[in-house]
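First up is the structure itself, then whatever we jot down about it.
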Ligand code: BG6
């Protein structure tokens, strides 16, 4: 294994303490990364390593699980605007870390800070442009519209090569999202009917029960459409709708995903935005905010494969349950129509969270003397079969960066085409409907589209 150093900018924040460090600890415990991995935690606060670790322990949800990497962590204070701090970090790495080590720079920072950090990483030669063992990792959001995303990206390309840039969409690290291609392409029963003659509709849903959880400042400038649809929901949609890639290789898969995003349209009369009651009383949200915390959208993928099939996208906060789910509804059989049986359609549920798995809804005769029919669901629950072995999204993503696999990271043209679609939708956004319960939204959707969500 090549030696590894992980340098985390923003190491005192939630992402680092709650997701990244536990993921590194798990990879380390499973010997997926080198035993002597070095983790350099960077932050503005005047901590020493011991004080930093106390901070981590008080913020992480699994203090016991991360204890094993304690001795691998070094905290260093940094002023992001000061060149000398980057040079000093470089000198420290030269003294303490193998010079051929994989350097993984993780920017767990406000995106507004990407430009300054990227510039300094390049100027100090902490990241040598073109050296693929120097990786730079960015979290969304990549801009807030197409124009701003383009300018951030242009800037990154002046300092790093595309192979060195990893843009994280953490949904792509979720087990069931990775499984979509397998379910589609490795099962004849699905692959042969995966088109507009076999599929009636697709629903892509990400419901949350929490509100903005102290992220008011960021969220209010973003809203559900830009925060969730632009990234996670469109990623799911493109995996469901893409044509068969030339190969399983990252570039081939991305080429197909981009073609889907380029062909997206939406029905402006079937667009609903909502804002949960009490949103404007949250911290850092202006009283007059019209930011949506819920969005429902009817889209179409205008490719020969899917032309005419509605793809319903829905996501929101403070809803009735936490559930991320894709439902593929299949067409009725000819016999179902001919015999006029009171049968429902087959459905494939791709369950992403809270439980991951697959469910297939079939029609079946109710056992007994009468010819009654019922819907039954064949279910496969991944966690039930992988006890103690389930990896979290960030584990998979960090391991892939270390190993240089890019399939689960978004390429620039995916982001670009997603933004140009979202910008168009945004132009048709009305004042959001204030909602207290999910049921109010469900009824409003029914009134717009006749669709039961
Ligand atoms: C993030 C969004 O990308 O995804 C958050 O910024 C959202 O607003 C979160 O809550 C949902 O992720 P998960 O993994 O909890 O479904």
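In this note's numbering, the protein residues as written are 1392 to 1844. Note that the Cβ used here is the ideal one computed from N, Cα and C, for glycine as well. Here the structure is a predicted model, which is why all the values come from computation and not from measurement.
- For residue 1597, the CB falls within less than 8 angstroms of some heavy atom of ligand 1.
- The beta-bridge partner set that DSSP reports for residue 1754 consists of 1766.
- In the three-state reduction of the DSSP assignment, residue 1408 falls in the helix class.
- Under the three-state reduction of DSSP, residue 1686 is assigned to strand.
- 1635 is the residue among 1635, 1600 and 1818 whose C-alpha sits nearest the C-alpha of residue 1582.
- At a cut-off of 4 residues, the continuous stretches assigned as alpha helix (DSSP H) that sit fully inside the region 1412-1445 are 1412-1420.
- Annotated three-state conformation of residue 1592 is strand, per DSSP.
- Just measuring C-alpha positions, the residue of 1822, 1767 and 1628 sitting nearest residue 1750 is 1767.
- By the criterion of a C-beta distance shorter than 8 angstroms, residue 1690 is surrounded in its chain by 1628, 1655, 1656, 1657, 1658, 1701, 1702, 1703 and 1704, once the five residues flanking it on both sides are discounted.
- The alpha carbon of residue 1698 has as its nearest neighbour, out of 1587, 1610, 1544 and 1649, the alpha carbon of 1587.
- Closest in alpha carbon position to residue 1549, among 1519, 1538 and 1532, is 1519.
- Per the C-alpha coordinates, the member of 1800, 1543, 1771 and 1762 positioned closest to residue 1740 is 1771.
- By the C-beta density criterion, residue 1561 is buried, having at least 16 other C-beta atoms within 10 angstroms.
- Scanning 1461, 1436, 1449 and 1769 for the CA closest to the CA of residue 1420 turns up 1461.
- Looking at the backbone, the Cα of residue 1675 and that of residue 1392 are separated by about 46 angstroms.
- With three or more CB-CB distances shorter than 8 angstroms, the region 1447-1465 counts as touching the region 1401-1418.
- Residue range 1505-1514 is occupied by the alpha helix (DSSP H) that includes residue 1506.
- If you draw a straight line from the Cα of residue 1645 to the Cα of residue 1484, it comes to about 35 angstroms.
- Following the DSSP letters along the chain, one finds residue 1706 inside the beta strand (DSSP E) bounded by residues 1701-1707.
- In this structure the region 1715-1735 does not touch the region 1680-1690; the number of beta carbon pairs closer than 8 angstroms is below three.
- Residue 1445 is not a Cβ neighbour of residue 1468, given a cutoff of 9 angstroms.
- In chain order, 1723, 1727, 1754 and 1764 place their CB closer than 8 angstroms to the CB of residue 1734, counting only its own chain and leaving out the 5 sequence neighbours on each side.
- In this structure, DSSP gives residue 1576 a helical state, which the three-state scheme calls helix.
- In the pairwise beta carbon analysis, the region 1584-1604 is classified as not touching the region 1474-1494: fewer than three pairs are separated by under 8 angstroms.
- Counting only runs that start and end inside the region 1451-1486, the beta strand (DSSP E) elements of at least 3 residues fall at 1464-1468.
- The Cβ atoms of residue 1641 and residue 1798 lie closer than 9 angstroms to each other.
- Inside the region 1603-1644, DSSP marks whole alpha helix (DSSP H) runs of 4 or more residues at positions 1607-1611 and 1625-1632, from first to last along the chain.
- Counting every other CB atom within 10 Å of its CB across the protein chains shown gives residue 1668 a total below 16, marking it as exposed.
- Here the distance from the Cβ of residue 1770 to the nearest heavy atom of ligand 1 is not below 8 angstroms.
- At least 9 angstroms separates the beta-carbon of residue 1499 from that of residue 1604.
- When distances are taken from the beta-carbon of residue 1742 to the heavy atoms of ligand 1, even the shortest one reaches 8 angstroms or more.
- Not one heavy atom of ligand 1 is found less than 8 angstroms from the C-beta of residue 1680.
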